[in-house]
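Just add 623 to wherever you are in the sequence shown, counting from 1, and you've got this note's numbering.
Quick reminder that beta carbons are idealized off the backbone N, C-alpha and C, glycines included.
Heads up: the structure comes next, in structure tokens.
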Amino acid sequence: MKKILFLALSSLIFASCSKSDDPFEGKKPKYNYSNGILFVNEGSFQGNDASIGFSSFDYNNIKTDIYNDDERKLGDVAQSIGFDTDKAFIVVNNSNKIEIVNRYSFINIATITENLNSPRYTAFADGKLYVTNMGSQSVSVYSLTDYSFIKDIPLGSPVENIVAQNNKLYVQKAAFGIGNSIAIIDSKTDEVIKSIELNDNVQGLIAHTGFVYAISSIENRSNFYKINATEDNIITTITTTKVPNAKNLRIDNNILYYTSNNNIHSWTTTATEVNDVPVVKVKGTGGFEFMYAFAVINNQFLVSNAKDFVKPSTVDVYNMEGKKINSFDTGKSTNHFYKN
């Protein structure tokens, strides 16, 4: 059975884990990665070349690989990062592990490997870590005290994004454009208490101030949902053909944003109809690699082009008026951005 490997640097080693009272013992932070943007470089499948990059908010200081463990590489296919207090949880999909680091120094604290099967995304509630697993179609639960495995919650269909709100977890039971429901887990019991069916394929979830927002879509239609996270009922549904194939749901300064084809659109939390006028028209052509990552940070839009998934990705930055204000190269297949 796989074990939890605590990777703090002390000389005392146990059969199942090693851990120092001071996780920074023996290592000095190379840099302070606060007040900037982290980007996840997926790397190539089975290439063991995943990495995490960083940029200052002014884009004058860009680093393409900041994972601060000189003993080994990050792993194979970095998928996402979750944050809890001063810790970052890096999900490494094809390595079936989660690397836990200090989010500001990126020095390694611990590694979770037990009961992970193609992990995708993380969320946090009631002192526990929740991880969606594509391979086992389940959510794995771990203690945030010692990172020990607690239980597995089977969901019986593909799972992707997961968000926490009001001591509940909302799980996107859909992946790669297939699946139309959201499972709700009570964090007190770690049991599924409800499922919400949506129209078409669920493409994204956001939890914000007592509500969960979701989008679902197909090639010629999109649906927008506002869910009351107290009663777990849908209170707003908007369906439109004006902005088809909506995906990449994000939020910044209380405004929701999403992409439709190569356009960036906004969606206010109180809207009852869709504004089909794009905020930004992103120039370029290509398949899903063209807008492989999308984020809204500090009133700026970041879009990555993964190109052929071999060359370094290029990130373009746009302001709210749609003007491109910066462009820079990152690592291979940049798939997410996070404000740090």
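Exercise for the section: Give the secondary structure of Phe706 by DSSP, where H, G and I count as helix, E and B as strand, and everything else as coil. Expected result: To locate residue 706, count along the sequence shown from 1; it is residue 83. Strand at Phe706.
Exercise for the section: Using DSSP bridges, identify the partner residues of Gln669. Expected result: Start at 1 with the first residue of the sequence shown, and residue 669 comes out as number 46. Its beta-bridge partners do not exist; DSSP assigns none.
Handout entry: Other residues of its chain near Asn922: CB distance less than 8 angstroms, five sequence neighbours each side excluded
Key = What you label residue 922 is simply residue 299 of the sequence shown in a count that begins at 1. Only Asp875, Asn876, Asn942 and Met943 meet the Cβ criterion.
Practice task
Give every residue of the same chain whose Cβ lies closer than 7 angstroms to the Cβ of Ala673, excluding the five residues on either side of it in the sequence, and list them in chain order.
Solution key: For this step, residue 673 is matched to residue 50 along the sequence shown. Here the set comprises Asn664, Glu665, Gly666, Leu697, Gly698, Asp699, Val700, Ala701 and Val715.
Handout entry: Buried versus exposed, by CB contacts within 10 Å (16 or more), Asn655
Key = Residue numbering aside, residue 655 sits at position 32 when the sequence shown is read from its first letter. Answer is exposed; the Cβ neighbour count stays below 16.
Exercise for the section: Note down, in chain order, each residue of its chain lying with its Cβ closer than 6 angstroms to the Cβ of Ile721, except the 5 sequence neighbours on either side. Expected result: The residue given as residue 721 occupies position 98 in the sequence shown. Result list for Ile721: Phe712, Val714 and Ile735, in chain order.
Exercise for the section: Inspect the CB distances between the stretch 787-799 and the stretch 767-775 and report whether three or more fall short of 8 angstroms. Expected result: no
Exercise for the section: Kindly confirm or deny that the stretch 812-825 and the stretch 843-859 touch, where touching means at least three C-beta pairs closer than 8 angstroms. Expected result: Touching, yes, given that three or more Cβ pairs across the two stretches are closer than 8 angstroms.
Exercise for the section: With DSSP as the reference, please indicate the residues paired to Gln574 in a beta bridge. Expected result: In the structure as shown, the chain starts at 624 and stops at 963, and residue 574 therefore has no counterpart that could be examined.
Problem - Three-way DSSP call (helix, strand, coil) for Arg695 in this model - result: Position 72 of the sequence shown, counted from the first residue, corresponds to residue 695. Three-state DSSP puts Arg695 in coil, outside helix and strand.
Problem - Beta-carbon spacing of Asn846, Thr859 below 8 angstroms - result: Within the sequence shown, numbered from 1, the residue matching residue 846 stands at position 223. Within the sequence shown, numbered from 1, the residue matching residue 859 stands at position 236. It is not a contact, given that the beta carbons lie outside the stated cut-off.
Practice task
Give the C-beta separation of Ser838 and Leu872 to the nearest angstrom, bearing in mind that I take them to be a contact with Cβ-Cβ under 8 angstroms.
Solution key: Counting from 1 along the sequence shown, the entry for residue 838 is found at position 215. Counting from 1 along the sequence shown, the entry for residue 872 is found at position 249. Checking the sequence, you will find Ile at residue 838 rather than Ser. Between Leu872 and Ile838 the Cβ distance is about 5 angstroms, and since that is below 8 angstroms, they are a contact.
Exercise for the section: Buried or exposed for Phe677, please, with buried defined as at least 16 other CB atoms from any protein chain shown within 10 angstroms of its CB. Expected result: Counting from 1 along the sequence shown, the entry for residue 677 is found at position 54. Phe677 comes out buried.
Exercise for the section: Report the residue from Ile829, Lys865, Val866 and Thr864 whose alpha carbon sits nearest the alpha carbon of Tyr848. Expected result: Taking the first residue of the sequence shown as position 1, residue 848 is located at position 225. When only C-alpha atoms are compared, the closest one is Ile829.
Problem - Whole-angstrom distance between Asn884 and Ala797, CA atom to CA atom - result: For this step, residue 797 is matched to residue 174 along the sequence shown. For this step, residue 884 is matched to residue 261 along the sequence shown. In this structure, the straight-line span from the alpha carbon of Ala797 to that of Asn884 is close to 20 angstroms.
Practice task
Return the first residue and the last residue of the beta strand (DSSP E) that Glu964 is part of.
Solution key: Outside the displayed span of the chain (624 to 963) sits residue 964, for which this structure offers no information.
Practice task
Please report the residue range of the beta strand (DSSP E) in which Pro742 lies.
Solution key: Indexing the sequence shown from 1 puts residue 742 at position 119. Residues Pro742 to Ala748.
Problem - Straight-line Cα distance separating Phe680 from Val938 - result: Reading the sequence shown from its first residue, position 315 is the one you call residue 938. Reading the sequence shown from its first residue, position 57 is the one you call residue 680. Rounded to the nearest whole angstrom, the CA to CA distance from Val938 to Phe680 is 14 angstroms.
Practice task
Using alpha carbons as the reference points, say which of Asn886, Gly802 and Phe662 lies closest to Gly705.
Solution key: Here residue 705 refers to the residue found at position 82 when the sequence shown is read from its first residue. Nearest C-alpha to Gly705: Phe662.
Exercise for the section: Mind checking who Ile808 pairs with in its DSSP beta bridge? Expected result: By 1-based counting over the sequence shown, the position of residue 808 is 185. Per DSSP, Leu792 and Val815.
Exercise for the section: Please confirm whether any heavy atom of the ligand MG lies closer than 7 angstroms to the CB of Asn716. Expected result: Looking at this structure, you won't find the ligand MG or any other ligand, since it has none at all.
Exercise for the section: Specify the secondary structure class of Ala711 as computed by DSSP and reduced to three states. Expected result: Against the sequence shown, residue 711 aligns to sequence position 88. Looking at Ala711 - three-state DSSP - the assignment turns out to be strand.
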